[in-house]
Amino acid sequence: MTEPREVAPHAADLAGLDAAVSRCYACPRLVEWREEVGRVRRRSFAEDNYWARPVPGFGPDDASLLLVGLAPAAHGGNRTGRMFTGDRSGDVLVTALHSLGLASQPTSERRDDGLRLHGVRFTAPVHCAPPGNRPAPAERDTCRPWLVRELELLRPTVRAVVALGGFGWQALLPAVAAAGWAVPRPRPVFGHGARAVLEPTGAGSPLALFGCYHVSQQNTFTGRLTPQMLREVLAEAWRAAGGGASPPG
1 MTEPREVAPH
11 AADLAGLDAA
21 VSRCYACPRL
31 VEWREEVGRV
41 RRRSFAEDNY
51 WARPVPGFGP
61 DDASLLLVGL
71 APAAHGGNRT
81 GRMFTGDRSG
91 DVLVTALHSL
101 GLASQPTSER
111 RDDGLRLHGV
121 RFTAPVHCAP
131 PGNRPAPAER
141 DTCRPWLVRE
151 LELLRPTVRA
161 VVALGGFGWQ
171 ALLPAVAAAG
181 WAVPRPRPVF
191 GHGARAVLEP
201 TGAGSPLALF
211 GCYHVSQQNT
221 FTGRLTPQML
231 REVLAEAWRA
241 AGGGASPPG
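Right, here's the structure in full:
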């Protein structure tokens, strides 16, 4: 079976990378789970035709701000085929982006709902929905070449990245190092509002790294992450990405 480490480096652009991601079968446990979820389905989505494949990144190929989550939700991205789409987490995130002028609408319901992101791209360190929303370390590592190549292809334009949650933060650090940015020593520690600047190891621009609590229902329903807290991190990251005080409309 072809491994991401063999395929990802040969992707010439993000469209090619996204297509290759969606055909990945490298992790047997994740393949079995995503397909089982697509067959059994949640009762409220019983009539839906689940995507049940790896979910590629979403957003323009010249994004200056990259948002990195954890993995697709079983009945969200795994159902709809688009990152942060079809569940409460996606709506919370897209509503915040819309309030800042970085998304064309405040909801993210379906792959064909017309949502456009302005200067922002979604991705994740693991592209398949995992059982219990917990990827295994080996699955995270197997999936890493996709994220490394995504960062390499975005390198001409990306200037800031937001890690949504500690898992995304920890998975992101070795990926940005492999893509050509130096991770400070000691390694930056995740926290909501954490920030670090990663200098390029060769030609290129620095990358501003931000930490934000994940937009999971557990965090948003309990108030650990409020809409204002989310908007503040996204707005600061957008400014660091070169967007200034006025995001595009």
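FYI, the numbering for the sequence shown is 1 to 249, going by the working numbering.
Just so you know, even glycine gets a beta-carbon here, dropped at the ideal spot from N, CA and C.
All figures in this text were calculated on a predicted structure; none of them were measured in a lab.
Secondary structure of Phe58 (DSSP, three-state): strand.
Taken through DSSP and simplified to helix, strand or coil, Arg121 comes out as strand. By the beta-carbon neighbour count (other beta carbons within 10 angstroms, threshold 16), Thr220 is buried. For Glu199, the uninterrupted beta strand (DSSP E) segment begins and ends at Arg195 to Pro200. Comparing alpha carbon positions, the residue from Asp113, Thr80, Phe84 and Leu117 closest to His98 is Leu117.
When DSSP assignments are scanned along the segment 16 to 73, the uninterrupted stretches of beta strand (DSSP E) that are 3 or more residues long and fall wholly within it turn out to be 65 to 68.
In this structure Ala124 is in contact with Leu70, their Cβ atoms being roughly 6 angstroms apart against a cut-off of 8 angstroms. Between Arg42 and Gln217, the beta carbon gap of about 14 angstroms keeps them out of contact (Cβ cut-off 8 angstroms). Pro184 is positioned such that its CB atom lies closer than 8 angstroms to that of Ala196.
In this structure, Gly59 lies away from Val148, with their beta-carbon atoms at least 8 angstroms apart. A direct Cα-to-Cα measurement between Leu172 and Val68 gives close to 8 angstroms. Bounds of the alpha helix (DSSP H) holding Gly166 are Gly166 to Ala179. For Gly90, there is no enclosing beta strand (DSSP E); the residue is found in the alpha helix (DSSP H) stretching over Arg88 to Ser99. Between Ala178 and Glu199, the alpha-carbon positions lie close to 13 angstroms from each other. Within the same chain, Trp51, Gly86, Arg110 and Arg111 come within 7 angstroms of Thr80 by CB-CB distance, once the 5 residues on both sides are set aside. Counted as a single uninterrupted DSSP element, the beta strand (DSSP E) harbouring Leu207 occupies residues Leu207 to Cys212. The beta-bridge partner set that DSSP reports for Ala103 consists of Leu117. Gly132 and Pro72 have their C-alpha atoms roughly 11 angstroms apart.
Looking only at Asp13, Glu36, Arg29 and Val189, the smallest Cα-Cα distance to Ala163 is reached by Val189.
In the three-state DSSP reduction, Ala129 falls in the coil class, being neither helix nor strand. A straight-line Cα-Cα distance of about 24 angstroms links Gln170 and Ala11. As the crow flies, the alpha-carbon of Gly180 is around 11 angstroms from that of Leu153.
In terms of Cα proximity to Trp238, the closest of Thr95, Gly202 and Ser64 is Ser64.
DSSP, read as helix, strand or coil, puts Ala160 in strand.
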